[in-house]
Amino acid sequence: MDGYYAWMIVATALVLMMTTPALALFYGGMSRSKSVLNMMMMSYVALAVVGIVFVLWGWSMGWGADGLGNSNGKLFANPFTMWALKGVSHGNYIFVLFQLTFAAITAALISGSIADRVKLSSWVTFVIGWVTLAYFPIAHNVWGGGWLYTHFPNLDYAGGTVVHINAGIAGGVLALIIGKRVGWPKEPMRPHNLTLTMIGAGLLWFGWFGFNVGSIVFTSDSLKDPAKFSTQFYGETGVTFMNTSLATMAALLGWLLVERILHGKATSLGAASGIVAGLVAITPSCGAVNTLGAIIIGALAGMVCAVAVGMKFKLGLDDSLDVVGVHLVGGILGALAIGFLGTDKSPQGVDGLFGKMNGLFYGGDLTLLAHQAMGVLFTIVVSGVVTLVLGLAIKYTMGWRVTDEEEVEGIDFAQHGETAYDLHTPTGGFGGSSPLASAVAKEGVSA
Amino acid sequence: MKLVTAVIKPHKWEEVREALETFGVTGMTVSEVSGYGRQKGHTEVYRGAEYDIALVPKIRIEIVVDENDVADVTDIVVKAAQTGRIGDGKVWVSSVDSVIRVRTGERDEAAI
Chain A
0 MDGYYAWMIV ATALVLMMTT PALALFYGGM SRSKSVLNMM MMSYVALAVV GIVFVLWGWS
60 MGWGADGLGN SNGKLFANPF TMWALKGVSH GNYIFVLFQL TFAAITAALI SGSIADRVKL
120 SSWVTFVIGW VTLAYFPIAH NVWGGGWLYT HFPNLDYAGG TVVHINAGIA GGVLALIIGK
180 RVGWPKEPMR PHNLTLTMIG AGLLWFGWFG FNVGSIVFTS DSLKDPAKFS TQFYGETGVT
240 FMNTSLATMA ALLGWLLVER ILHGKATSLG AASGIVAGLV AITPSCGAVN TLGAIIIGAL
300 AGMVCAVAVG MKFKLGLDDS LDVVGVHLVG GILGALAIGF LGTDKSPQGV DGLFGKMNGL
360 FYGGDLTLLA HQAMGVLFTI VVSGVVTLVL GLAIKYTMGW RVTDEEEVEG IDFAQHGETA
420 YDLHTPTGGF GGSSPLASAV AKEGVSA
Chain V
0 MKLVTAVIKP HKWEEVREAL ETFGVTGMTV SEVSGYGRQK GHTEVYRGAE YDIALVPKIR
60 IEIVVDENDV ADVTDIVVKA AQTGRIGDGK VWVSSVDSVI RVRTGERDEA AI
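Chains A and V, in that order, give the protein sequences. Going left to right, the first sequence walks through residues 0 to 446 as numbering that gives the first Met the number 0 numbers them. Going left to right, the second sequence walks through residues 0 to 111 as numbering that gives the first Met the number 0 numbers them.
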């Protein structure tokens, strides 16, 4: 078992890296040069805030036991029974920290919907309320022995519902409440540094091996017998590692294929986005499908999300960095795909929540798909309602947005008193968004 | 005295500079600018969303020359900067009332 604990320390550090810096880089590169620091800060601050909140009352609300979960069968668990990890054994701190990093990245993911325009104080307030009222209860219900777990157990290996659908719907609702950026969608708001985004996507992929492969849960048989423990450990991690790799590769290619057909060119942003879409979709399903299933889920996720990111323009929703199009859509796709591609030959199939379970394509009935759909629906409703109430409460009290003037001049300076880049060279290499550059451009209009 | 201003494609800048130097032009002011003419910028696609990028990068060269050299200098710039494709840029000439060399205080023709 020592090998398992050593792996969990590494896996936790890998997931920590997914928020800082991987997601911050991925998002930061896609934002504009005048707001990249604020974009990155939303991830960094979310990690710090969620981390402390998680230890104080998050563990108690989500898991509430000195082990895997508090099977109380209820929607909520008491935030105070294990306040500040009271009663949690020191060895279990590793697992607490592992779960902490999941809560942190889920909150950070939401920030992509509301880029360039939100006060840091409002963001911090929202994050504290949202993880408390949405993330911890949903984790409790899907993983920690809550109401949903007791009545409609569904398969979510590493957080397709708890992390991605949860953050996806929250991002969409929040973008609706907070409103569009000044000038969107008329003004071009193209990514300012896609090399950062490519690095971020690559680091997310790397970190995701901790996220998915670290999410192994041992059966009661394995916990009693060291030989069985060992067999499950390397057998299951082999599958989840393989599936996570394959789905991501297929999704990268799927996204590029759609782009090539619809827009003529395969783009680097498409490759980076495809990576994330594939990882999102294989997150719930990596323990329930075989290699072929993983390739299908990845390819579908890449293709469907590549189309889905265009929806916001039709809806008029400034979901700035496509949290809905990638995380909500990819998360739903991955969760429901188990209902079709789930197989009892997979790690979760052998001794999963359903005993012998199969999806529709492997001779199973609708039970699995129905349970998966219930998990998706539950997450959308709880997260959607909590975000709506919390978002409106903040809007009408402290307010969400910086002033229009501050937003146009750049939120980095307005909120943090800094700017990300000093690109003013003696020979006049003005930054793309500098007012000086446009003044010079106006002088040369007759060119 | 005339001011010759040329706005050209960035990749033609080295050729134009060499041609001017060969002719004997001793100095110029160069800036990176952005703008557009008949080509009207270009389109970029990010996650399927098309963005019209109105301003494209250009190089602006400014040279103060003697009246007698104006025709030669403009010909050299046009010849060196030409690709024949849309977006090659423009050259224009304007009158200059007075020129002073800061180091010596010399005026007009002596200061060019």
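Don't be surprised by glycine CBs; every beta carbon is placed ideally from N, CA and C. Bear in mind the structure is a predicted one, so any value in this text is a computation, not a measurement.
Of V:ARG84, V:SER94, V:MET0 and V:GLU105, the smallest CA-CA separation from V:ARG37 is found for V:ARG84.
Annotated three-state conformation of V:PRO9 is helix, per DSSP. Among the CB atoms of chain A, one or more fall inside 8 angstroms of the CB of V:GLU43.
Across the structure, V:GLY40 and V:ILE60 are spaced so that their CA atoms are roughly 20 angstroms apart. Distance from A:LEU175 to A:LEU316 at the Cβ level is roughly 6 angstroms; contact confirmed, criterion being Cβ atoms closer than 8 angstroms. Within chain V, the residues whose beta carbon sits less than 9 angstroms from that of A:ARG189 are GLU43, TYR45, ALA48, TYR50 and ILE52, listed in sequence order. Closest by C-alpha distance to V:GLY23, out of V:VAL64, V:LYS8 and V:GLU43, is V:VAL64. Taking C-beta atoms under 8 angstroms as the contact rule, A:THR230 and A:VAL212 fail to qualify, at a distance of about 16 angstroms. Contact annotation, V:VAL3 with V:THR103: C-beta distance approximately 23 angstroms; criterion of less than 8 angstroms not satisfied. Among the CB atoms of chain V, none fall inside 8 angstroms of the CB of A:HIS415. By the criterion of a C-beta distance shorter than 7 angstroms, V:ASP68 is surrounded by no residue of its chain, once the five residues flanking it on both sides are discounted.
If you draw a straight line from the Cα of V:THR82 to the Cα of V:SER94, it is about 28 angstroms long. Collapsing the DSSP output to three states places V:TRP91 in a strand. For A:GLU417, there is no enclosing beta strand (DSSP E), as DSSP marks it with neither H nor E. A:LEU108 and A:LEU46 have their C-alpha atoms spaced approximately 11 angstroms apart.
In this structure, the straight-line span from the alpha carbon of A:THR100 to that of A:GLY158 is close to 12 angstroms. The C-beta distance from V:ASP107 to V:VAL98 rounds to 6 angstroms, short enough to meet the 8 angstroms contact threshold.
Between the alpha carbons of A:VAL87 and A:SER382 lies a gap of roughly 28 angstroms.
Boundaries of the beta strand (DSSP E) around V:ASP51: 48-52.
Taking A:ALA246 as reference, the option from A:GLY234, A:LYS264, A:LEU222 and A:PHE208 with the minimal CA-CA separation is A:PHE208. V:VAL44 is bridged by DSSP to V:GLU49.
The segment 0-17 of chain V makes no contact with the segment 264-279 of chain A; the number of CB pairs closer than 8 angstroms stays below 3.
Each residue's CA atom was taken as its position, placing A:ILE337 and A:GLY358 some 6 angstroms apart. Cβ proximity to chain V below 7 angstroms picks out PHE312 and ASP321 from the segment 312-326 of chain A. Contact of A:LEU251 with chain V is not assigned, every C-beta pair being separated by 8 angstroms or more.
Scanning A:ASN165, A:ILE410 and A:ASP421 for the CA closest to the CA of A:ASN37 turns up A:ILE410. In this structure, V:GLY86 lies away from V:ALA5, with their beta-carbon atoms at least 8 angstroms apart.
Listed in chain order, the beta strand (DSSP E) runs fully inside the segment 207-292 of chain A amount to none, counting runs of at least 3 residues.
Within the segment 261-293 of chain A, those residues whose Cβ lies closer than 9 angstroms to any Cβ of chain V are, in chain order, LEU261, HIS262, GLY263, LYS264, THR266, LEU268, GLY269 and SER272.
Between A:PHE125 and A:MET60, the beta carbon gap of about 17 angstroms keeps them out of contact (Cβ cut-off 8 angstroms). At a C-beta separation below 7 angstroms, A:VAL308 has these neighbours in chain V: ARG46 and GLY47. Around the Cβ of A:ARG259, a 10 Å sphere holds fewer than 16 other Cβ atoms; the residue is exposed. Taking 8 angstroms as the upper bound for CB-CB distance, A:ILE164 and A:VAL375 are in contact here, some 6 angstroms apart. When secondary structure is reduced to three states using DSSP, V:LYS78 falls in the helix class.
In this structure, A:THR196 keeps its C-beta atom at 8 angstroms or more from the C-beta atom of A:PHE75.
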